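Visitor:
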Ligand code: ADP
Ligand code: ASP
Ligand code: MG
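In the working numbering, the protein residues as written are -1 to 401.
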């Protein structure tokens, strides 16, 4: 008997009809003789609606109370789905993250899974129950409910698959696989049959929300067989694996991210240790910094520009202003109307013409690049937010329509 983890996203459990359909997929897997762990997200826009409710009460609510609130959506999904399985006379049990033994760090709204205590789930599986686990949530050492960051149910699923050595972890969603870019922006994007963990990790980290980036990180670390499939149609999806057979001359895909903002510290002294002080301060407050640019100004000053998630702008500026005396900068400038577009592919390592081709696509479309950032298998550009979708179409067209 093998164990399969099946995760269903928000749109897949949006209403009673969709929950019935999800239950039929679970039933089929269970009746084929498998042990099944199901991970569910909150229904439809529930998480956004909960955030809106909090905004009405207190826009500066603590992250602890936010997590307490937004973790409730997943609990609704698992209980409703369990009720549908009960109606079908299937043995099942729903478990909140803490009941399922999901232990996390204490970083509210961005917690990491530390370990999963397997006892409870194992005993339920031993009694031949289908186990439904609330995704996106866990419990920290002090007993507080935490959440894993938006889209984090994918990570719950992969962590469970790794803990229980599942044969397969299936991520069911509203697209039938990973595409060369978001099919909502480029309708003729191509479905990718196989993609490496490394490429998928870069795409997910650069905004391809089809998989939560940490789910891919965990899948790579624990060699989890990961598959992205449609919850609507029964057809092959995308397999995420260590090595693929697909040729590596083209890029794997294009991703966009409009959740970022730019912060510039203007007029810093050009002394050693300034960058260290700035980024140490931010990292101690768990603020993730992405693209960094340092430029030399006049009269021995320098500017440091970097990007953070939009949700972290206010806190970053407050922190930096508090330390203005020590850091000795002139002023801070922020811009929330920026976006990032990235190309990702193993082929970038061996083909220096790839980046030039991306810049050419942007030049042809008359789009200005504000900052550039690269990794071994990725090139990212920062642009005006209003140009992002057009840039994705131009770049995707250059790499996939002209080949
Ligand atoms: P779920 O609710 O199932 O977790 P998400 O909305 O988080 O689903 O992710 C699925 C969505 O990701 C798709 O509807 C699609 O618009 C978007 N997406 C972005 N980039 C890609 C990509 N490269 N391939 C497929 N889908 C993508
Ligand atoms: N419900 C959470 C969110 O909307 C987690 C998830 O969907 O994976 O971000
Ligand atoms: Mg998702």
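Backbone N, C-alpha and C define an ideal beta-carbon position, used for all residues, glycine too. A quick note: this is a predicted structure, and the numbers were derived from the prediction, not measured.
Under three-state DSSP, which class holds residue 101?
Guide: In the chain shown, residue 101 corresponds to position 103, counting from 1. Reduced to three states, the DSSP call for residue 101 is strand.
Visitor: Go to residue 373, then tell me how far its beta strand (DSSP E) extends in each direction, as first and last residue.
Guide: In the chain shown, counting from the first residue as 1, residue 373 sits at position 375. Unbroken beta strand (DSSP E) run through residue 373: 369 to 373.
Visitor: Taking all protein chains shown into account, do 16 or more other C-beta atoms lie within 10 angstroms of the C-beta of residue 394, making it buried, or fewer, making it exposed?
Guide: Here residue 394 refers to the residue found at position 396 of the chain shown. Counting Cβ neighbours within 10 Å, residue 394 comes out buried, since at least 16 surround it.
Visitor: Would you call the region 277 to 284 and the region 220 to 238 touching, i.e. three or more CB-CB distances under 8 Å?
Guide: no
Visitor: Do residue 289 and residue 369 come within 8 Å of each other at the CB atom, strictly closer than that value?
Guide: By one-based count along the chain shown, residue 369 stands at place 371. By one-based count along the chain shown, residue 289 stands at place 291. Yes.
Visitor: Take residue 96 and list the residues in its own chain whose beta-carbon comes closer than 6 Å to its own, dropping the five residues that flank it on each side.
Guide: By one-based count along the chain shown, residue 96 stands at place 98. So the list reads 137, once near-sequence residues are dropped.
Visitor: So for residue 243, helix, strand or coil by DSSP?
Guide: One-based indexing of the chain shown puts residue 243 at position 245. Coil.
Visitor: In whole angstroms, what separates the C-alpha of residue 335 from that of residue 384?
Guide: Here residue 335 refers to the residue found at position 337 when the chain shown is read from its first residue. Here residue 384 refers to the residue found at position 386 when the chain shown is read from its first residue. About 8 Å.
Visitor: Would you mind stating whether residue 340 and residue 253 have Cβ atoms separated by less than 8 Å?
Guide: Locating residue 340 in the chain shown gives position 342, counting from the first residue. Locating residue 253 in the chain shown gives position 255, counting from the first residue. Yes, these two residues count as a Cβ contact at 8 Å.
Visitor: Using a threshold of 7 Å, is the CB atom of residue 207 nearer than that to any non-hydrogen atom of ligand 3?
Guide: The residue given as residue 207 occupies position 209 in the chain shown. Yes - ligand 3 has a heavy atom lying nearer than 7 Å to the Cβ of residue 207.
Visitor: Return the CA-CA distance between residue 112 and residue 103, expressed in angstroms with no decimal places.
Guide: One-based indexing of the chain shown puts residue 112 at position 114. One-based indexing of the chain shown puts residue 103 at position 105. Those two C-alpha atoms are separated by around 6 Å.
Visitor: Rounded to a whole number of angstroms, what is the C-alpha to C-alpha distance between residue 132 and residue 381?
Guide: The sequence position of residue 132 within the chain shown is 134, counting from 1. The sequence position of residue 381 within the chain shown is 383, counting from 1. Rounded to whole angstroms, the separation of the alpha carbons of residue 381 and residue 132 is 37 Å.
Visitor: Cβ of residue 152 within 7 Å of any heavy atom in ligand 3?
Guide: Counting from one through the chain shown, the residue named residue 152 turns up at place 154. Yes, the beta carbon of residue 152 sits closer than 7 Å to at least one heavy atom of ligand 3.
Visitor: Could you have a look at residue 52 and say whether DSSP puts it in helix, strand or coil?
Guide: In the chain shown, the residue the question calls residue 52 occupies position 54. In the structure shown, residue 52 falls within a helical segment according to DSSP collapsed to helix, strand and coil.
Visitor: Closer than 7 Å to a non-hydrogen atom of ligand 1 - does that hold for the CB of residue 199?
Guide: Position 201 of the chain shown, counting from 1, holds the residue named residue 199. Answer for residue 199: no, Cβ out of range of ligand 1.
Visitor: With distance defined between alpha-carbon atoms, name the residue in 248, 331, 332 nearest to residue 350.
Guide: Stepping through the chain shown from its first residue, residue 350 is reached at position 352. Taking only the C-alpha atoms, the option nearest residue 350 is 248.
Visitor: What does the alpha-carbon distance come out to for the pair residue 196 and residue 12?
Guide: For the purposes of this step, residue 196 is identified with residue 198 of the chain shown, where counting begins at 1. For the purposes of this step, residue 12 is identified with residue 14 of the chain shown, where counting begins at 1. The straight-line gap from Cα to Cα measures roughly 31 Å.
Visitor: Return the CA-CA distance between residue 308 and residue 259, expressed in angstroms with no decimal places.
Guide: Counting from 1 along the chain shown, the entry for residue 308 is found at position 310. Counting from 1 along the chain shown, the entry for residue 259 is found at position 261. Using only the alpha carbons, I get a separation of about 5 Å.
Visitor: Count the CB pairs spanning the region 204 to 224 and the region 261 to 271 that are closer than 8 Å, and state whether there are at least three.
Guide: no
Visitor: Suppose the cutoff is 6 Å on Cβ atoms and the five residues either side in sequence are ignored; what does the same chain contact list for residue 158 look like?
Guide: Here residue 158 is taken as the residue at index 160 of the chain shown, counted from 1. Around residue 158: 3, 35.
Visitor: Check the C-beta distance from residue 327 over to residue 279 and give it rounded, since I have them as a contact under 8 Å.
Guide: Along the chain shown, one-based indexing puts residue 327 at 329. Along the chain shown, one-based indexing puts residue 279 at 281. About 12 Å; that fails the 8 Å criterion.
Visitor: Below 8 Å between beta carbons: does that hold for residue 0 and residue 240?
Guide: The sequence position of residue 0 within the chain shown is 2, counting from 1. The sequence position of residue 240 within the chain shown is 242, counting from 1. Against a cut-off of 8 Å, the Cβ pair of residue 240 and residue 0 comes out as no contact.
Visitor: Kindly examine ligand 3 and report whether one of its heavy atoms sits closer than 7 Å to the Cβ of residue 149.
Guide: What you label residue 149 is simply residue 151 of the chain shown in a count that begins at 1. Checking every heavy atom of ligand 3 against the Cβ of residue 149, one is found closer than 7 Å.
Visitor: Of the choices 303, 292, 323, 366, whose alpha-carbon is the least far from that of residue 402?
Guide: In the structure as shown, the chain begins at -1 and stops at 401. Residue 402 is therefore absent and cannot be evaluated.
Visitor: For residue 296, is the classification buried or exposed, using 16 other Cβ atoms within 10 angstroms of its Cβ as the cut-off for buried?
Guide: Taking the chain shown and counting its residues from 1, one reaches residue 296 at position 298. Label assigned to residue 296: exposed.
Visitor: Say yes only if the C-beta of residue 45 is nearer than 7 Å to one or more non-hydrogen atoms of ligand 2, and no if none qualify.
Guide: To locate residue 45, count along the chain shown from 1; it is residue 47. Correct: residue 45 has its Cβ closer than 7 Å to ligand 2.
Visitor: Taking Cβ positions, are residue 251 and residue 201 nearer each other than 8 Å?
Guide: Here residue 251 corresponds to residue number 253 of the chain shown, with the count starting at 1. Here residue 201 corresponds to residue number 203 of the chain shown, with the count starting at 1. Contact flag set, yes.
Visitor: From residue 273 to residue 175, what does the alpha carbon distance come to, in whole angstroms?
Guide: Residue mapping note: residue 273 aligns to position 275 of the chain shown, counting from 1. Residue mapping note: residue 175 aligns to position 177 of the chain shown, counting from 1. Looking at the two C-alpha atoms, the distance is approximately 41 Å.
Visitor: Is residue 8 near ligand 1, judged by its Cβ being under 7 Å from some heavy atom?
Guide: If you number the chain shown from 1, residue 8 lands on position 10. Residue 8 Cβ: within cutoff of ligand 1.
Visitor: Please list the terminal residues of the continuous alpha helix (DSSP H) segment that includes residue 71.
Guide: Residue mapping note: residue 71 aligns to position 73 of the chain shown, counting from 1. Note, residue 71: alpha helix (DSSP H), 70 to 85.
Visitor: Given a cut-off of 8 Å on the beta-carbon distance, is the pair residue 147 and residue 107 in contact?
Guide: Within the chain shown, residue 147 is the residue found at index 149, counting from 1. Within the chain shown, residue 107 is the residue found at index 109, counting from 1. Cβ atoms of residue 147 and residue 107: closer than 8 Å.
Visitor: Taking the alpha-carbon of residue 66 as reference, which of 135, 172, 192 has the nearest alpha-carbon?
Guide: As a first step, residue 66 is located in the chain shown; it is residue number 68 there, counting from the start. Looking at the Cα atoms, 135 is the closest of the given residues.
Visitor: Does the beta-carbon of residue 53 have 16 or more other beta-carbons within 10 angstroms, so that it is buried, or is it exposed?
Guide: In the chain shown, counting from the first residue as 1, residue 53 sits at position 55. Answer is exposed; the Cβ neighbour count stays below 16.
Visitor: Between the alpha carbons of residue 194 and residue 40, how many angstroms are there, rounded?
Guide: Residue mapping note: residue 194 aligns to position 196 of the chain shown, counting from 1. Residue mapping note: residue 40 aligns to position 42 of the chain shown, counting from 1. Answer to the nearest angstrom: the Cα atoms are 28 Å apart.
Visitor: Quick check: is any heavy atom of ligand 1 less than 7 Å from the C-beta of residue 180?
Guide: Stepping through the chain shown from its first residue, residue 180 is reached at position 182. Short note on residue 180: C-beta closer than 7 Å to some heavy atom of ligand 1.
Visitor: For residue 352, which of helix, strand or coil comes out of DSSP?
Guide: Your numbering for residue 352 matches position 354 in the chain shown. Three-state result, residue 352: helix.
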